[in-house]
Amino acid sequence: MGTLRAGDLVFTLSRSVRKSVGLTIRKDGSVHVRAPFWLPVQEVIRMVSGKSSWVRSKQQTMKNQQVIPAPGPELNRIKKQALLKFRMIASPWEEHFRVRYGVAPKKWTVREMNTRWGSCSTATGRITLNLRLYYKPDACIEYIVVHELCHLIHPNHGKDFYTLLERELPDWKTSRKQLKA
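Okay, structure coming up:
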C-alpha cells in the first residue's frame with residue numbers, strides 16, 4: 476500500500492485480486508483506493524482525479540455531519556433517545572404492515588453503521604437503524620423504516636420491492652435524495 480496524489484487529492488492505494496476499482500472515504504476524511512494488480516498506477520491516478528470533485532463534496536458532507544460521542548454514558552443516552560424517536564415514527568407503520576401484510580419485525584435495534592441507514596434480517600426478524608438517522612428529518616427516518624419493513628416482504632431490491640415501497644410511501648425518492656446529499 477502506498478500514498479499517491481491525483482492533483483491536490485492525496486490517497487492511499489492497495490492492490491488485490493479484484494475486477495474493479497473501489498474508492499472509500501474514511502471517517503477522518505482520508506481517501507483509500509483499492510485496485511486490481513493489473514491496472515497501471517497512472518490509470519488509477521486518472522480515475523481518482525476524475526472523481527476529485529465528488530470526493531471533495533463527500534468530505535465536506537462528512538465534516539458537516541453530527542459527531543457521535545465515544546462509547547459511554549453520553550452515547551447510551553443518545554441511543555435511548557434515538558430508539559424512542561424511531562419507535563414513535565415506526566409504530567404506526569409497524570401496525571400497518573402487521574394488519575395489511577401480516578408481517579412485523581421481532582426486534583428493533585439502533586447502532587452506529589458506516590455504510591447504511593438501516594438493515595433488515597429476514598432470518599431473525601430484526602430491523603436495525605443507524606444511530607445517525609437520529610439527526611435527520613423525520614421524513615428520512617420514516618423512509619428508512621418503511622424501506623426496511625418492505626424487506627420483510629421482499630428481501631431484495633427487485634421490482635416487487637420498489638413497487639411495494641412506492642405504494643406505501645410515494646414520496647420516498649425525496650427522502651432518499653436528502654439522505655444522499
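Taking the working numbering as reference, the numbering of the sequence shown is continuous, increasing by one, and the terminal residue is 656. Cβ coordinates follow ideal geometry from the N, Cα and C atoms, glycine included.
query, result
"State the beta-bridge partners of C595 as determined by DSSP.", "I602"
"By DSSP's criteria, A481 is part of a beta bridge. Which residues make up the other side?", "L484"
"Under the assumption that I628 contacts Y576 (Cβ atoms under 8 angstroms), give the Cβ distance between them as a whole number of angstroms.", "6 angstroms"
"List the endpoints of the continuous alpha helix (DSSP H) containing W647.", "W647 to K655"
"Note down the Cα distance separating W583 from S528, rounded to an integer number of angstroms.", "37 angstroms"
"Find the nearest neighbour of Q653 within the set L644, C625 and P612, judged by alpha-carbon distance.", "P612"
"The alpha helix (DSSP H) that contains G525, what's its start and end?", "V516 to G525"
"Taking the alpha carbon of H626 as the reference point, which residue from D483, T597 and K560 has its own alpha carbon closest?", "T597"
"Tell me the rounded alpha-carbon separation between S495 and E518.", "12 angstroms"
"Can you tell which of G547, I616, A510 and I602 has its C-alpha closest to the C-alpha of G477?", "A510"
"Using the rule of at least 16 other Cβ atoms within 10 Å of the residue's Cβ for burial, across every protein chain shown, is V574 buried or exposed?", "exposed"
"On a Cα-Cα basis, can you pick out the residue from S489, P546, I500 and Q556 that is closest to K526?", "I500"
"Please classify F559: is it buried, with 16 or more other beta-carbons within 10 angstroms of its beta-carbon, or exposed?", "At residue 559 the sequence reads Leu, which differs from the Phe that was named. The residue is exposed, with fewer than 16 neighbouring Cβ atoms inside 10 Å."
"What residues match up with A510 in a beta bridge as DSSP calls it?", "R490"
"Taking K554 and L604 to be in contact with their CB atoms under 8 angstroms, please state how far apart those CB atoms are, rounded to whole angstroms.", "No, K554 and L604 are not in contact; Cβ-Cβ is about 11 angstroms, not under 8 angstroms."
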